[in-house]
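Chains A and B, in that order, are what the protein sequence lines are. To convert, note that position 20 of the first sequence is 204 in my numbering; the numbers rise steadily by one, no gaps. To convert, note that position 113 of the second sequence is 405 in my numbering; the numbers rise steadily by one, no gaps. Heads up, the beta-carbon is just placed ideally off N, CA and C, and yes, glycines get one too.
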Amino acid sequence: EDQVTQSPEALRLQEGESSSLNCSYTVSGLRGLFWYRQDPGKGPEFLFTLYSAGEEKEKERLKATLTKKESFLHITAPKPEDSATYLCAVQSNAGNMLTFGGGTRLMVKP
Amino acid sequence: ETGVTQTPRHLVMGMTNKKSLKCEQHLGHNAMYWYKQSAKKPLELMFVYNFKEQTENNSVPSRFSPECPNSSHLFLHLHTLQPEDSALYLCASSQYGGRTTDTQYFGPGTRLTVL
Numbered sequence: 185e186d187q188v189t190q191s192p193e194a195l196r197l198q199e200g201e202s203s204s205l206n207c208s209y210t211v212s213g214l215r216g217l218f219w220y221r222q223d224p225g226k227g228p229e230f231l232f233t234l235y236s237a238g239e240e241k242e243k244e245r246l247k248a249t250l251t252k253k254e255s256f257l258h259i260t261a262p263k264p265e266d267s268a269t270y271l272c273a274v275q276s277n278a279g280n281m282l283t284f285g286g287g288t289r290l291m292v293k294p
Numbered sequence: 293e294t295g296v297t298q299t300p301r302h303l304v305m306g307m308t309n310k311k312s313l314k315c316e317q318h319l320g321h322n323a324m325y326w327y328k329q330s331a332k333k334p335l336e337l338m339f340v341y342n343f344k345e346q347t348e349n350n351s352v353p354s355r356f357s358p359e360c361p362n363s364s365h366l367f368l369h370l371h372t373l374q375p376e377d378s379a380l381y382l383c384a385s386s387q388y389g390g391r392t393t394d395t396q397y398f399g400p401g402t403r404l405t406v407l
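This is how it looks when you write it as structure tokens:
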């Protein structure tokens, strides 16, 4: 059974204080690892897809990396508008189902 | 309209009511999904439709009944719900229907409250 664990559950940062969010996973053949951002009361917004260990992707202040066991979402010099819940999910070779982690709620204070 | 849309955005219903949630995707995708998101829980997959055929039913109670008349539309029919069914119901779509790495795009959700 595929499993995804995200840590920490919540993270408070000062504006400009860089940090990383962790996503640990076990999957029977990784087809893709996905990062989403979710604002309160809204649907998840797609950020990145990572396909294989060693891959990195960047978007503005966000950088996602992938190893064989975990993924990190690095946030450089965050701003208050980066406050949201960040979700990680994996797709296995078994099909198109995604297994989601519990998310990390990020709060960036000005 | 662009992306994935859902209606209504908010719904309050009694336990004896019958209602339906609607999802429409404007992306030309071939797979559609229903998820349930409750407080303090990870997103839970409910149903998957690939090319209009239901391919996954994740042990969902029969009071939830999905319908996919074509690749662009997905419905979730609700009847005799319980208060614990109150949640955010999310629809998503993806291009390939599970044949390869398949990014899912989500709608804004329907906030359901069961009294």
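- The C-beta of residue 343 (chain B) has fewer than 16 other C-beta atoms within 10 Å across all chains shown, which makes the residue exposed.
- In this structure, residue 255 (chain A) and residue 292 (chain A) do not form a Cβ contact; the two beta carbons are roughly 21 Å apart against a cut-off of 8 Å.
- For chain A, the residues of the segment 382-407 of chain B that bring a beta carbon within less than 9 Å of one of its beta carbons are 382, 383, 384, 386, 388, 389, 390, 391, 392, 393, 394, 395, 396, 397, 398, 399, 400, 401, 403, in chain order.
- Residue 269 (chain A) has a beta carbon lying at 8 Å or more from every beta carbon in chain B.
- A Cβ-Cβ distance of about 22 Å is found for the pair residue 376 (chain B) and residue 367 (chain B), leaving them out of contact under the 8 Å criterion.
- DSSP, read as helix, strand or coil, puts residue 376 (chain B) in helix.
- Straight-line measurement puts the Cα of residue 203 (chain A) at about 45 Å from the Cα of residue 307 (chain B).
- Sequence-ordered contacts of the segment 345-371 of chain B with chain A read 348 [C-beta pairs closer than 7 Å].
- For residue 300 (chain B), the three-state secondary structure derived from DSSP is coil.
- The DSSP-derived three-state label of residue 264 (chain A) is helix.
- Against chain B, the CB of residue 256 (chain A) has no partner CB under 8 Å away; the residue lies outside that interface.
- DSSP places residue 369 (chain B) within a strand segment (E or B) once states are collapsed to three.
- Taking the C-beta atoms as reference points, residue 399 (chain B) is found nearer than 8 Å to residue 296 (chain B).
- The beta carbon of residue 213 (chain A) sits closer than 6 Å to the beta carbons of 276, 277 from its chain, once the five residues preceding and following it are set aside; these are given in chain order.
- Using beta-carbon distances, residue 286 (chain A) counts as an interface residue toward chain B, with a partner under 8 Å.
- Only exposed fits residue 223 (chain A), as fewer than 16 other CB atoms lie within 10 angstroms of its CB.
- With respect to the C-alpha of residue 193 (chain A), the residue from A:279, A:294, A:272 having the closest C-alpha is A:272.
- Within its own chain, the residues whose Cβ lies closer than 6 Å to the Cβ of residue 269 (chain A), once the five positions on either side in sequence are excluded, are 222, 287, 289, listed in chain order.
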